[in-house]
Amino acid sequence: MDSSNSYYGHNSILAEYVGRRTAPVIWGHVQHGWTVADPFPAHRVYPGFGKFVWSRTNAAFAVAAGVGSVTPIGAPFLYLLEQTEDVAPVAGSVLVYPFHGWENDPIVGTHDTLIAELLAEYGSQVTVCLYWLEYEDAKVRTAYEDAGFRVITHGHRDGDPQFLRRQLAELQQHETIVSNRISTALWYGGAVGRSLRVFGSVFGIVSDDNRESFGAMQRRRWPEVCADGVGAERAKELAGIELGIEFLMQPRDLEAVLGWTGLRLRSGSALKAIGETRRTVRRLVERS
């Protein structure tokens, strides 16, 4: 099915959760990153196949965009957490994720400005995690290294079953997770139970309009995160909402939903989750 199902090792994580050594084909498309919009590009909507979203918000946007029926399952990262013991972080440690674009859409923003802001606020004893594009750009990487930061990358996202495991290991080691824009990585930090903060000049995608509009939106929707930040307990609560923790399924239910068994889905927990979300989605769409 869709190649993006293997991004960040999502398919492998889901397979391990249900007790499989290898990942069968997922009969549908799994949302691969956090977003405040419809998570499915038009060219990746396959009629007759499942559309698996993370949260109520994602479900509402997808249905409003005409995607059709969707099934919420929660973020694959949450299933990795279910299989992993927590580790106490290093006291006072900070992990920063500068917002990044991707191969086709570059960021709009200045790394030098962000570096100066981070130094003024946190000093140089900070870990900075760059997307692989920025990490492999010697000019960008050395700018952070020359500031005294520890600079890392989690690697390439495509077909790497260890990606999220590396990310989780870093998140667990740090007490506070920081980004200059609300992002997937920030919510993952909250899910692990770490303090969160949006700090620094906001980067945009493609245009200044995106930078300004997203900056205004995130301050409106998550004012506490975008001000002084939130502690571990509140961060975990917010991350749970954004990552769809209420829709985590038991292994048997998840197998059936993803098309990995010949059984019809009958179990109560999955049916209840799907039914409640679809009713909520209908109400949200009707109000919009």
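All letters in the sequence shown, in the order written, are residues 1419 to 1706 by my numbering. Glycine included, every Cβ here is placed at the ideal spot set by N, Cα and C.
Proximity winner among the options, relative to residue i (alpha-carbon distances)
i, options, result
"Gly1437", "Arg1599, Gly1680, Gly1468, Arg1670", "Arg1670"
"Leu1666", "Pro1494, Thr1475, Ser1542, Ala1482", "Pro1494"
"Phe1621", "Glu1503, Leu1656, Gly1658, Gly1519", "Gly1519"
"Asp1504", "Asp1626, Glu1593, Pro1457", "Glu1593"
"Ile1431", "Trp1445, Ser1422, Leu1498", "Leu1498"
"Trp1678", "Gln1449, Tyr1435, Asp1523", "Tyr1435"
"Ala1587", "Leu1537, Arg1637, Gln1501, Ile1659", "Gln1501"
"Leu1656", "Leu1604, Asp1646, Leu1676, Val1512", "Leu1604"
"Ser1422", "Asn1598, Ala1674, Val1454, Phe1470", "Phe1470"
"Ala1556", "Val1648, Ile1570, Val1544", "Ile1570"
"His1447", "Asn1628, Val1454, His1574, Tyr1425", "Tyr1425"
Residue range of the alpha helix (DSSP H) that includes residue i
i, result
"Val1488", "Segment: none, Val1488 is in no alpha helix (DSSP H) and carries neither H nor E."
"Val1610", "1602-1610"
"Asn1628", "1626-1639"
"Glu1651", "1650-1661"
"Val1675", "1669-1675"
N- and C-terminal bounds of the beta strand (DSSP E) containing residue i
i, result
"His1428", "From DSSP, His1428 is part of no beta strand (DSSP E) but of the alpha helix (DSSP H) over 1428-1435."
"Gly1468", "1468-1471"
Backbone secondary structure at residue i - three-state DSSP
i, result
"Arg1583", "helix"
"Ser1511", "strand"
"Val1443", "coil"
"Ser1685", "Since pLDDT at Ser1685 reaches only 46, below the 50 mark, its modelled position is unreliable, and the value read off the structure follows with that caveat. Correct three-state label for Ser1685: coil."
"Ser1619", "coil"
"Leu1498", "helix"
"Val1481", "helix"
"Val1505", "coil"
"Val1448", "strand"
Exposure label - residue i; buried when at least 16 CB within 10 Å
i, result
"Val1443", "exposed"
"Ala1509", "exposed"
"Thr1531", "exposed"
"Gly1608", "buried"
"Pro1507", "buried"
"Ala1480", "buried"
"Gln1449", "buried"
"Gln1668", "exposed"
"Asp1627", "exposed"
"Gln1580", "exposed"
"Gly1658", "buried"
Any C-beta of chain C under 9 Å from that of residue i
i, result
"Ser1422", "No chain C is present in this structure, which holds just one protein chain."
Give the list of continuous alpha helix (DSSP H) stretches no shorter than 4 residues that lie fully inside the segment 1526-1597. 1529-1540, 1550-1553, 1556-1564, 1581-1591
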